[in-house]
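One gets this note's numbering by counting positions in the sequence shown from 1 and adding 109 to each. All residues carry an ideal CB built from backbone N, CA and C; glycine is no exception. No experiment lies behind these values; they were computed from the predicted model shown.
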Amino acid sequence: MVGVTTDYISVGGNRHPGAADWDVQTGVLAFGADNNVALWDPLDETYRGTYALLVGHTDKVSVVRFYTCPSSGTRFIITGSVDHTLRVWQQDSTELCNYAHVSTLEGHTSSVNAIAVANGTNIIASGAADGTVRIWRINAQDGVKCELLDTITMTPRFFPLTLSLQALGDDSDKSLVLAVAGTMTKVHIYVSETSNMPEFKRRAVLAGHEAWIKSLSFTQDKQSKEGDILLASASQDKYIRLWRLHRGEANPPAPIDDTDPLLGGMEPTLSNKAHEFEAKGLKYSITFEALLFGHEDWIYTTAWNPDSKRQQLLSASADNTITIWEQDQASGVWMSTERMGEISVQKGSTTATGSAGGFWIGLWSPDGKQVVSLGRTGSWRVWRQDSDSDLWVQKFGISGHVRSSNGVQWEPTGGYMLSTSADQTTRLHAKWVRDSKSSWHEFSRPQIHGYDLNCVDTLGPLQFVTGAEEKLLRVFNEPKQIAELLERLTGFKQSIEDLPDTAEIPVLGLSNKALGEEAPVEEDEEKAPAEAPNASVSLAANHPPLEDQLSRYTLWPEHEKLYGHGYEISAVAVSHDRKLIATACKASSIDHAVIRLYDTSDWHEIKPSLTAHSLTITDLSFSADDRYLLSVGRDRQWAIFQRSDSDLTTFANLTSNPKGHSRMILGAAWAPATTEPVFATAGRDKSVKIWQKTEETFVSKTTVPLTSAVSAIAFLPITYKGSFIIAAGEDSGVISIHRIAADTFEATHIVTIDKKIAPSKTITQLSWRPVLAESESDRFELAVASEDTSTRIYAISSML
Numbered sequence: 110m111v112g113v114t115t116d117y118i119s120v121g122g123n124r125h126p127g128a129a130d131w132d133v134q135t136g137v138l139a140f141g142a143d144n145n146v147a148l149w150d151p152l153d154e155t156y157r158g159t160y161a162l163l164v165g166h167t168d169k170v171s172v173v174r175f176y177t178c179p180s181s182g183t184r185f186i187i188t189g190s191v192d193h194t195l196r197v198w199q200q201d202s203t204e205l206c207n208y209a210h211v212s213t214l215e216g217h218t219s220s221v222n223a224i225a226v227a228n229g230t231n232i233i234a235s236g237a238a239d240g241t242v243r244i245w246r247i248n249a250q251d252g253v254k255c256e257l258l259d260t261i262t263m264t265p266r267f268f269p270l271t272l273s274l275q276a277l278g279d280d281s282d283k284s285l286v287l288a289v290a291g292t293m294t295k296v297h298i299y300v301s302e303t304s305n306m307p308e309f310k311r312r313a314v315l316a317g318h319e320a321w322i323k324s325l326s327f328t329q330d331k332q333s334k335e336g337d338i339l340l341a342s343a344s345q346d347k348y349i350r351l352w353r354l355h356r357g358e359a360n361p362p363a364p365i366d367d368t369d370p371l372l373g374g375m376e377p378t379l380s381n382k383a384h385e386f387e388a389k390g391l392k393y394s395i396t397f398e399a400l401l402f403g404h405e406d407w408i409y410t411t412a413w414n415p416d417s418k419r420q421q422l423l424s425a426s427a428d429n430t431i432t433i434w435e436q437d438q439a440s441g442v443w444m445s446t447e448r449m450g451e452i453s454v455q456k457g458s459t460t461a462t463g464s465a466g467g468f469w470i471g472l473w474s475p476d477g478k479q480v481v482s483l484g485r486t487g488s489w490r491v492w493r494q495d496s497d498s499d500l501w502v503q504k505f506g507i508s509g510h511v512r513s514s515n516g517v518q519w520e521p522t523g524g525y526m527l528s529t530s531a532d533q534t535t536r537l538h539a540k541w542v543r544d545s546k547s548s549w550h551e552f553s554r555p556q557i558h559g560y561d562l563n564c565v566d567t568l569g570p571l572q573f574v575t576g577a578e579e580k581l582l583r584v585f586n587e588p589k590q591i592a593e594l595l596e597r598l599t600g601f602k603q604s605i606e607d608l609p610d611t612a613e614i615p616v617l618g619l620s621n622k623a624l625g626e627e628a629p630v631e632e633d634e635e636k637a638p639a640e641a642p643n644a645s646v647s648l649a650a651n652h653p654p655l656e657d658q659l660s661r662y663t664l665w666p667e668h669e670k671l672y673g674h675g676y677e678i679s680a681v682a683v684s685h686d687r688k689l690i691a692t693a694c695k696a697s698s699i700d701h702a703v704i705r706l707y708d709t710s711d712w713h714e715i716k717p718s719l720t721a722h723s724l725t726i727t728d729l730s731f732s733a734d735d736r737y738l739l740s741v742g743r744d745r746q747w748a749i750f751q752r753s754d755s756d757l758t759t760f761a762n763l764t765s766n767p768k769g770h771s772r773m774i775l776g777a778a779w780a781p782a783t784t785e786p787v788f789a790t791a792g793r794d795k796s797v798k799i800w801q802k803t804e805e806t807f808v809s810k811t812t813v814p815l816t817s818a819v820s821a822i823a824f825l826p827i828t829y830k831g832s833f834i835i836a837a838g839e840d841s842g843v844i845s846i847h848r849i850a851a852d853t854f855e856a857t858h859i860v861t862i863d864k865k866i867a868p869s870k871t872i873t874q875l876s877w878r879p880v881l882a883e884s885e886s887d888r889f890e891l892a893v894a895s896e897d898t899s900t901r902i903y904a905i906s907s908m909l
């Protein structure tokens, strides 16, 4: 039986204030990651990170909420997406950390932005950009039943961006209060007298905010003896307002002293008008309670501490801080008791270092002693309250790409893995080994760039090259601190004598410079003292780097730029002896559809360029002995270039096949070295073809038919039990593994990775972890990059 397990999932969170929720019961944090829902347990002591991605939505997930059915106790995740639907995921009864899709709720005609649930009821509210709030019932007594009960159209018309739902009273048929806000400055309060057949009517409009409202959250007032409810509303006007919902007549407001200079002229903004309504014959009133100020930019989310003893409010803002607010016991004034994040606006707040844009989400842990926040880079940061010092200490969270992951490559001995993405970063992933535990993490962010990155390859353990949507390639050198960090935490040893120091991005620059490589200064110019980031101190900890260290102290210095191409780089390949780099760019004519070769000894381009194609070359690959270079392209042909025996830098056109596939060819790979060279091509015609050298040409030996366009292929670097092992990735996200007999070329399907654990979009690259030729292991690791933003490692065992 072939075993396939997921060793690692690296994925970034969606930048939407509602796109995450932390489950009080199981400790699982669910967040939107592109069109998937990622599951992560931040309290897991093994630090395994994201352990599953729920696949179902067809567009970005914008809102995630946990919900418990009161009648059956069944746990669900409710998610809303840009694809106009809500989806319901039910908890697995045996594995409580896993969820399966059970229902799709359709009705909204635009992107779903908000979902609210009321504890103890089976009522769900959802708000969308179609200007409506819909009320649903989800019941799980006899199977899962979902029904639409009511549609509330917003008047005057606005888009609801946030909702909060709260039950009033303790009887079985509770009254419900629903707060709705969004692209207006007012909070609308709707009330339903019954939860069995809810009928919401607007009963109050709360004015005071001066910009769009991003977040609403109800909580029981823990200090009120009368069971009052507090509502927090946070806005783009940088303020949080607290409102008190009180059962009974409104308490008369304290008279405002016009002579008090602090309050002079503020009366209209801070008016304390009581909004009164009735539900089930009981009177209720809503009054303004407090104004919380201190943030310097938009506030995205608010969340009340779930700990029943502590009344604290957490807010996340675009000013790079998350703040904990608490009421002073003596005066009753609300104050910020803790601020976390980038306190200084200047330090490292450029887009290049990845901290601008602030925090989009802030959440409490189930016990209220830990908080997490999602930043602009899609990474989660974790803070835990240290009970001895009563300080909040940052722990390391998880990170990943936030746009299509376009390339993945292993260091030549398998010591670490590089991934590169359209989010303009290249990231280094390695396995952290300690005691009896091990887990994969991001250890370095070598490149933070101004262009989308398309491809990557390694030039040995200390260097790599990337191609982007610009006309040149960039080569990077590993800094000493990263080599020391990898050796200390992963056991991957490298020679670190002549390595450069850490790198920084100069102001107004795109190139990572090693510290000390400043531009020459004119004699009469005064040079401003540069404050060098103390990377060695920051990276000396006994755990992988934190997010702010990754984006500031783990860059690799840029060593070289390779010019020559006229359009965006489409493919790059490095020879196995690390002496040559072959590259291609996007092309619509013969003039640009060329392969350029660069000599890594002095980085000069080897002329003339290699020509064979008329359209974009999509993939390049060197044979195991570097004797042949294979290119495939959109013009449906493949071409082979042979290396000269006398001059190892020159290649000549050996043979080509103008009709290699019936549609464009997207992938190319050489099989491990055998007497006669063998390679594979993969195309949009839903097939993988295996070719073998016969005399001066290559002939097709077998064709492996697949279910959709094949976008990536990779051979296991060794022959396994007399066969070639090839992995194929498709446009649909399907990954399959096949065995090709080395003598007869008979193809046998080994395994297709289960849809539940496979990517949901096009596979962009596959890469097997290097293994020793004499390895007796039956366990191999396959790295996968996909357009669904994920970078994954699968462990595949027993391929008999």
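Per DSSP, the unbroken alpha helix (DSSP H) holding Y662 starts and ends at 656-662.
The alpha-carbon separation between K295 and I349 amounts to approximately 13 Å. For L325, the closest alpha carbon among the candidates K478, A223, S119 is that of A223. Taken through DSSP and simplified to helix, strand or coil, L739 comes out as strand. The Cβ atoms of D566 and V681 sit closer than 8 Å to each other.
Excluding five sequence positions before and after R157, the CB atoms of its chain that fall closer than 7 Å to its own CB belong to S548, given in chain order.
With a cutoff of 8 Å on beta-carbon distance, F468 and S508 are scored as not near each other. Taking I699 as reference, the option from G516, T812, S723, E335 with the minimal CA-CA separation is S723. Per the coordinates, the alpha-carbon of L423 lies some 32 Å from the alpha-carbon of S212. Under the three-state reduction of DSSP output, K323 falls in the strand class. When DSSP states are grouped into helix, strand and coil, T692 belongs to the strand group. In this structure, the CA atom of A316 is about 57 Å from the CA atom of H668.
Within the same chain, and ignoring the five residues on either side of D337 in sequence, the residues whose Cβ sits closer than 6 Å to its Cβ are D330, R353, H355. Using a 10 angstroms sphere on the CB of Y662, the tally of other CB atoms reaches 16 or more, which defines it as buried. In the assembly as shown, P767 is an exposed residue. Its beta-carbon has fewer than 16 other beta-carbons within 10 Å. Beta-bridge annotation (DSSP): R848 is paired with I834, T857.
In this structure, DSSP gives I866 a helical state, which the three-state scheme calls helix.
Counting the other Cβ atoms within 10 Å of the Cβ of Q874 gives 16 or more, which makes it buried. Ranking R597, Q518, A388 by CA distance to the CA of V574 puts Q518 first. Using a Cβ-Cβ distance cut-off of 8 Å, the region 759-774 and the region 786-802 are in contact, since at least three pairs of beta carbons, one from each stretch, lie closer than that value. Counting C-beta pairs with one atom in each stretch, the region 885-902 and the region 119-130 have three or more that are closer than 8 Å, which means they touch.
Taken atom to atom, the span from the alpha-carbon of M306 to that of T260 is near 13 Å.
Within the model, the alpha-carbon separation for W413 versus E587 is close to 44 Å.
Under the DSSP assignment, T430 falls in the beta strand (DSSP E) whose first and last residues are 430-436. Counting every other CB atom within 10 Å of its CB across the protein chains shown gives D428 a total of 16 or more, marking it as buried.
In this structure, the straight-line span from the alpha carbon of D744 to that of A696 is close to 10 Å. Boundaries of the beta strand (DSSP E) around R705: 703-708.
Judged by DSSP in its simplified three-state form, T575 adopts strand.
In the DSSP annotation of this structure, A592 is not part of any beta strand (DSSP E); the continuous alpha helix (DSSP H) holding it starts and ends at 589-599. For G516, the enclosing beta strand (DSSP E) starts and ends at 514-519. In the structure shown, R448 falls within a strand segment according to DSSP collapsed to helix, strand and coil. In the displayed model, W131 falls within a strand according to three-state DSSP. Assignment of A680 by DSSP, reduced to helix, strand and coil, places it in the strand class. The region 526-578 contains, as complete beta strand (DSSP E) runs of 3+ residues, the segments 526-530, 534-543, 546-557, 562-567, 572-577 (chain order). In its chain, beyond the 5 residues on either side, S832 have a beta carbon closer than 6 Å to the beta carbon of A850. Annotated three-state conformation of V296 is strand, per DSSP.
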